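Just so you know, the numbering used here puts 171 at position 128 of the sequence shown, and the rest follows in order with no gaps. The beta carbon of each residue, even a glycine, is placed where N, CA and C say it ideally should be. As the structure is a prediction and not an experimental result, all values here were calculated from the model. The block underneath contains the structure these notes are about, expressed in structure tokens.
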Amino acid sequence: MKNNLSNTLFLLVFFGFNYYVFSQDQKINIKQNDKIDSLVKIKIALDKERYEKTYFTLQLYYGNLKSGNEILAKCKSEFPHLPVDLSFETPNYKVQAGYFKDKLVSLKTLDTIKKVFPAAFLLKKTNN
């Protein structure tokens with residue numbers, strides 16, 4: 044009986060002391076440098092500027108002017124909702140369609156366009 048009582052007393056003291064030792068405060072202190080907030084604001088501004096300058100377009104053709112004009116006309120008739128552009132980049136002409144901010148939308152449009160223009164591909168461009 045004495046042994047049982049001493050074991051019980053020992054367990055109560057042991058667990059009671061553990062509870063006191065391992066208990067934590069409800070208060071959390073976070074120490075950080077003041078420059079972090081200014082750096083985060085700068086990063087957000089740079090990302091916004093980069094997002095506004097970046098867009099996706101679909102390149103349909105790169106070659107001579109005659110074929111470029113044919114592909115331009117075909118694209119305008121097949122996809123009247125897409126803006127299409129014929130431009131010159133030394134030494135060839137290129138036909139590009141669409142102006143997309145969202146890559147997912149541009150990829151879905153690319154899948155549709157590839158049925159008519161199998162050589163089409165996605166370009167990521169930036170405005171200066």
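If we count Cβ pairs, one from each stretch, closer than 8 Å, do we get three or more for the region 148-162 versus the region 103-113?
yes
Check for me: the beta strand (DSSP E) holding Asn107 runs from which residue to which?
Numbered from its first residue, the sequence shown carries residue 107 at position 64. Looking at the DSSP string, Asn107 is not in any beta strand (DSSP E), and its letter there is neither H nor E.
Would you grab the beta carbon distance between Val138 and Leu129 for me? Rounded to a whole angstrom, and I think it's under 8 Å.
In the sequence shown, the residue the question calls residue 138 occupies position 95. In the sequence shown, the residue the question calls residue 129 occupies position 86. The Cβ separation is near 5 Å, so the contact holds.
Where Phe160 sits in the DSSP three-state scheme
Your numbering for residue 160 matches position 117 in the sequence shown. It is coil, neither helix nor strand.
Per DSSP, which one or two residues make a beta bridge with Val138?
Taking the first residue of the sequence shown as 1, we reach residue 138 at position 95. DSSP output for Val138 lists Tyr104, Leu129 as bridge partner(s).
Same chain, Cβ closer than 7 Å to Gly141, five either side skipped, listed in chain order:
As a position in the sequence shown, residue 141 is number 98, starting the count at 1. Excluding sequence neighbours, Gly141 sits near Thr100, Leu101, Leu125, Pro126, Ser149, Thr152.
Proximity of Ile156 and Phe131 at Cβ, strictly below 9 Å
For the purposes of this step, residue 156 is taken as the residue at position 113 of the sequence shown. For the purposes of this step, residue 131 is taken as the residue at position 88 of the sequence shown. Taking 9 Å as the Cβ cut-off, Ile156 and Phe131 do not qualify as a contacting pair.
Use the C-beta contact count for Leu115: other C-beta atoms within 10 angstroms, 16 or more gives buried, fewer gives exposed.
Here residue 115 refers to the residue found at position 72 when the sequence shown is read from its first residue. Per the 10 Å Cβ criterion, buried.
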